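In UniProt numbering, the protein residues as written are 1 to 122. Cβ coordinates follow ideal geometry from the N, Cα and C atoms, glycine included. Keep in mind it's a predicted model, so treat the numbers as computed, not measured. Quick notes on the structure that follows.
Set out below in structure tokens:
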């Protein structure tokens with residue numbers, strides 16, 4: 001049995017196909033044969049998708065994984081303090097989130113503190 005992931009929304013069709021070991025193929029095949037109607041097929045498809053969504057971070061590159069909950073909370077706190085918005089892409093990709101946090105931390109380290117500025121008094 002082959003399992004294919006097909007992205008038909010790209011300019012060209014992107015297809016990744018893996019061979020499913022016989023022991024798992026047999027289980028999947030039996031489950032598919034037990035599906036009686038469209039409702040059961042939809043339920044099976046949704047369960048498969050939910051499981052894939054939970055484990056996808058285990059096998060994708062680190063920069064395209066979703067940001068951690070702590071990163072998101074820190075980003076909103078920092079953005080509020082800096083008076084900026086958290087970029088949408090930063091809420092999707094860990095790499096973009098890391099860059100946003102780094103830039104904002106750099107900004108906060110050079111920003112005037114406690115209402116003072118860097119101008120000499122005199």
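First and last residue of the uninterrupted beta strand (DSSP E) at residue i
{"i": "residue 13", "result": "Here residue 13 belongs to no beta strand (DSSP E), and DSSP marks it neither H nor E."}
Beta-carbon proximity of residue i to residue j, cut-off 9 angstroms
{"i": "residue 5", "j": "residue 16", "result": "yes"}
{"i": "residue 104", "j": "residue 84", "result": "yes"}
{"i": "residue 23", "j": "residue 2", "result": "no"}
{"i": "residue 73", "j": "residue 101", "result": "no"}
{"i": "residue 90", "j": "residue 81", "result": "no"}
{"i": "residue 86", "j": "residue 75", "result": "yes"}
DSSP bridge partner residues for residue i (one or two, in chain order)
{"i": "residue 7", "result": "14"}
{"i": "residue 19", "result": "2"}
Minimum Cβ-Cβ distance from residue i to chain D less than 9 angstroms
{"i": "residue 9", "result": "Checking the listed chains, one finds no chain D in this structure; it contains a single protein chain."}
Within the stretch 24-101, note down every full alpha helix (DSSP H) run reaching 4 residues or more, in order along the chain. Listed in chain order, they are 38-55 and 69-82.
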